[in-house]
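Chains as they are written, first to last, in this note's numbering: chain Y, 1 to 397; chain P, 1001 to 1397.
For each residue, glycine too, the CB sits at the ideal point set by N, CA and C.
There are 2 protein chains.
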Amino acid sequence: MEGDPTLRLRVFDLNCWAIRYLSKRRQERVRLIGNMLRREGFDLVLLQEVWSEQDYSDLKVKLGGCYPFSHYFRRFPILDTLLYQYSLNGYPYMLQHGDWFCGKSVGLVIIKISGIIFNVYVTHLHAEYCREKDAYLPHRLVQAWELAQFIRHTSKAADVVLLGGDLNMHPEDVGIRLLRGWTGLRDAFAEAARFEGCEDGCTLVPNNCFTVKTELLPFPLGIRIDYILYKAISSFTVKCEELKTTTGTAPGMDIPFSDHEAVMATLHIQRQGQAAGATLGTAEPTLADVVTEARTEVGVGLRAAQQQRYSTGRMAVLALLLLLLQALAALGVLAGLAAGQPFPKLSFSLLAFLAIGVLLLATGLHLFHTIEVKMLQGTEEQMRMALRALQERPSDG
Amino acid sequence: MEGDPTLRLRVFDLNCWAIRYLSKRRQERVRLIGNMLRREGFDLVLLQEVWSEQDYSDLKVKLGGCYPFSHYFRRFPILDTLLYQYSLNGYPYMLQHGDWFCGKSVGLVIIKISGIIFNVYVTHLHAEYCREKDAYLPHRLVQAWELAQFIRHTSKAADVVLLGGDLNMHPEDVGIRLLRGWTGLRDAFAEAARFEGCEDGCTLVPNNCFTVKTELLPFPLGIRIDYILYKAISSFTVKCEELKTTTGTAPGMDIPFSDHEAVMATLHIQRQGQAAGATLGTAEPTLADVVTEARTEVGVGLRAAQQQRYSTGRMAVLALLLLLLQALAALGVLAGLAAGQPFPKLSFSLLAFLAIGVLLLATGLHLFHTIEVKMLQGTEEQMRMALRALQERPSDG
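Have a look at this one:
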């Protein structure tokens, strides 16, 4: 490949849905994914939700021959890596959603192919459980903003930036417009010269036997939430020659790889004679609108968080008061002041236990929402600064 | 300052110890800090532990005139900011240490002064509570490593890098050697042409009325854990003309600013005719030794975390078994199978409460230590990669 004027790069992205005990037919699917990756020999493989260490090392052993460099296997020497944890990621008490426990983050891997420095980012943002009343929108927007900022700050020495992952956002959502506008990343699906796969490039489709059909009712074709995005910095150009998705069950198989469809892009990277100039700044008034829209949503989340901080604080104070009252009553009984009938012991101690439980829980939640408020405020402040910078920049759009 | 061949920059760094309800004479000290900052007119002010929003906005209002750009006030327009949260930061159940709840992170602010791009980092690493048996050493090493990686990855477009903060490490500790070696940062105290202040540049001294004297018994002069570090990238040089620390109570005042001494550096930044070349690579065999040493310590932490993951998992299983036994016994009584004396209700329900409590706690801790294991493994893996890169590089040291 060295010396070739254009570099052809085949990228594979999939949310594998490989969570122990929870994901259906996990081991079988991980085996299928491994087989396919070995057969296809992609240049770059970006996997999400490979939660089990065992699955990871199985894949590593299986693919060691064709993907010797693994921090999740790639074919090119890895120069460096970095992991960035998002500051917000849902709520610990939403056990049924579980995102908080998974600790969402973005991974960065720096690789050099044919003398070209690639910054490759892989991520998974907070899920959307109810589109009509999406309580997680502010958190996901904070994540999209932090992702964009992380990419901007860490990619200054890169020639090409690639981002793959399950962004849990529809193409027209404010978070993805923010991410694309603020980083200058382009959407491989929108730019692809050829496309093959699910209609509209959807990656969560009713056709897939593992998806929850009721969730997709408003979207008969499915939704597109998994992406490969890219941009060239300095004197390079990137073009997407072809984009493919899997389409539910792949031919010759009885189950899909995952509940998500895989996204596969073939990219052409070419060295240009002249520097292309800044990619940002082509449509700044629009970008300012997007940042304003995102900031408004973050503000909505901020007020909700402040409200919850207040109510959990109040609940903690009430539980403390109840405990104090009980302590007083108990002391009174001990001192023989209460001449009347004493409380039944069982209900008295159950009540005390309850009060202690509520006190601990409410204090914990109060702390949590205090941090949430700080993070949302921080993001709002950063967006305000970004808007100021956008407005001060000489308009050339 | 524009057009001046050398730029003179006065930097102030202080861990303010301004935690509501916990820090002694907080409001009075914050007022003193504000007065001094207004009087001195530093170019760059880096404060840690300003926890109260009220203190922050008070300082902002007071200093608005002389420090118009505040994301924690600076005198120069801020171009951009980013916050990175460390993946590990102690244990939630070590309530008396409290670091976990504070969520340690590193903040980055990018500013431009006289056409020179400064990347300014502010941080606060996990405290050391017992030097002889420092249970937090692996976590602090993970933080030092992540800090170094974050600086390396985000400073590629900077001309000058500045890092200030309470690193909670003595100058000869492996973490600070790792940070300095891996980033090429230089210690303002060691490089200063003139020094004035506490002996050996100590920033936690017995002379300060807020420090805990027993903790400093092994160190009669005190310890140096607050730093200003710097390096020049591209075609600049930075020299430290003068370094000062406060010395307990400042003249004319009856209390110190904080339990830490402030560090104040005067830096000279000069544009060079020629690029200075890579700052890394001067003493690579030593750097490899430092990384190896750090990796060994992270490995020790990893084994401890694995052990704790195992024991908390076992405790959760035992609590679950106890609950199941109780449920069986209760069912037996209900079905009239147990002909003998029934259990006393109070102790039975207390036992059940206890088992539920232990189950929840042990499960939570098990999850926590599982994440801890993953993070320590990730850092160990990254250090292994760094060592390989150091060994593969042509030796020019």
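Chain P contact residues for residue i, given Cβ-Cβ distances below 7 Å
i	result
PHE353 (chain Y)	PHE1353
GLN149 (chain Y)	LEU1082
GLN382 (chain Y)	THR1081
LEU22 (chain Y)	Simply none; closest approach about 14 Å.
LEU162 (chain Y)	Here the premise fails: no neighbours, minimum Cβ distance about 16 Å.
LEU320 (chain Y)	Chain P residues near LEU320 (chain Y): none, gap ~15 Å exceeds 7 Å.
Short Cβ contact (7 Å threshold) for residue i with residue j
i	j	result
ASN15 (chain Y)	GLU49 (chain Y)	yes
ARG177 (chain Y)	VAL290 (chain Y)	yes
LEU179 (chain Y)	VAL298 (chain Y)	no
LEU82 (chain Y)	HIS1153 (chain P)	yes
CYS240 (chain Y)	GLU191 (chain Y)	yes
LEU1162 (chain P)	VAL1120 (chain P)	yes
GLN1143 (chain P)	TYR1084 (chain P)	no
THR1266 (chain P)	GLU1293 (chain P)	no
ILE111 (chain Y)	ASP159 (chain Y)	no
ALA316 (chain Y)	ALA362 (chain Y)	yes
ARG1008 (chain P)	HIS1369 (chain P)	no
LYS1231 (chain P)	ARG1295 (chain P)	no
Run of the beta strand (DSSP E) containing residue i, from where it starts to where it stops
i	result
ILE176 (chain Y)	Here ILE176 (chain Y) belongs to no beta strand (DSSP E); instead the alpha helix (DSSP H) covers 174-183.
MET264 (chain Y)	263-271
SER105 (chain Y)	105-113
ASN1207 (chain P)	Counting along the chain, ASN1207 (chain P) falls outside any beta strand (DSSP E), and DSSP gives it neither H nor E.
LEU1217 (chain P)	Note, LEU1217 (chain P): premise wrong, no beta strand (DSSP E); not H, not E.
Terminal residues of the alpha helix (DSSP H) in which residue i lies
i	result
LYS374 (chain Y)	345-392
ILE1116 (chain P)	Here ILE1116 (chain P) belongs to no alpha helix (DSSP H); instead the beta strand (DSSP E) covers 1116-1124.
VAL30 (chain Y)	26-40
ILE151 (chain Y)	137-154
GLU53 (chain Y)	53-63
Where residue i meets chain Y, residues with beta-carbon distance less than 7 Å
i	result
ALA1157 (chain P)	LYS156
LYS1345 (chain P)	LEU346
GLY1378 (chain P)	LEU83
Residues that DSSP places opposite residue i in a beta bridge
i	result
GLU196 (chain Y)	Y:LYS244
PHE1012 (chain P)	P:VAL1045 and P:MET1264
ARG1186 (chain P)	P:TYR1230
GLY164 (chain Y)	Y:VAL122 and Y:ILE228
ILE1223 (chain P)	P:LEU1204
LEU1238 (chain P)	It should be pointed out that residue 1238 (chain P) corresponds to Val in this sequence rather than to Leu. Beta-bridge pairing links VAL1238 (chain P) to P:ILE1269.
LEU7 (chain Y)	Y:ILE269
ASP159 (chain Y)	Per DSSP, none; premise fails for ASP159 (chain Y).
THR292 (chain Y)	DSSP output for THR292 (chain Y) lists no bridge partner at all.
VAL1050 (chain P)	P:ALA1018
ASP80 (chain Y)	Y:ILE110
GLN85 (chain Y)	Y:SER105
Chain-ordered neighbours of residue i on chain Y, where CB pairs are closer than 9 Å
i	result
GLN1306 (chain P)	Simply none; closest approach about 12 Å.
LEU1063 (chain P)	By Cβ distance, chain Y contributes nothing, its closest Cβ being about 17 Å from LEU1063 (chain P), past 9 Å.
Proximal chain P residues relative to residue i, where beta-carbon distance stays under 9 Å
i	result
SER87 (chain Y)	LEU1083, GLN1085, GLY1103 and SER1105
Whole-number beta carbon distance between residue j and residue i, since they are thought to touch under 8 Å
i	j	result
VAL1263 (chain P)	ASP1013 (chain P)	5 Å
PRO256 (chain Y)	PHE219 (chain Y)	That pair is no contact at about 18 Å.
VAL1109 (chain P)	THR1123 (chain P)	Not really, about 12 Å apart at Cβ, beyond 8 Å.
VAL1380 (chain P)	LEU1302 (chain P)	The question names Val, but residue 1380 (chain P) is Glu in the sequence shown. The pair is a contact, with the Cβ atoms about 6 Å apart (cut-off 8 Å).
ALA18 (chain Y)	ASP55 (chain Y)	5 Å
HIS1170 (chain P)	ARG1224 (chain P)	7 Å
LEU1323 (chain P)	LEU1359 (chain P)	7 Å
ALA355 (chain Y)	GLN326 (chain Y)	7 Å
Cβ of residue i within 7 Å of any chain C Cβ
i	result
HIS1153 (chain P)	The chain inventory of the structure shown lacks chain C, comprising the protein chains Y and P.
Under 8 Å by beta carbon: chain P residues contacting residue i
i	result
LEU387 (chain Y)	The premise fails here: LEU387 (chain Y) is roughly 13 Å from chain P at the closest Cβ pair, so nothing lies under 8 Å.
SER234 (chain Y)	Under the 8 Å cutoff, chain P gives no residues; its nearest Cβ is about 12 Å from SER234 (chain Y).
SER57 (chain Y)	Here the premise fails: no neighbours, minimum Cβ distance about 12 Å.
LEU141 (chain Y)	The contacting residues do not exist; LEU141 (chain Y) stays about 16 Å from chain P at best.
Listed by chain order, chain Y residues near residue i by CB distance under 8 Å
i	result
LEU1046 (chain P)	Per Cβ cutoff of 8 Å: no residues; LEU1046 (chain P) is ~17 Å from chain Y at best.
LEU1323 (chain P)	Residues of chain Y passing the Cβ test: none, with the nearest at roughly 16 Å.
Residue i Cβ short of 6 Å to the ligand NAP heavy atom set
i	result
GLN149 (chain Y)	No copy of the ligand NAP occurs in the structure displayed, which carries no ligand at all.
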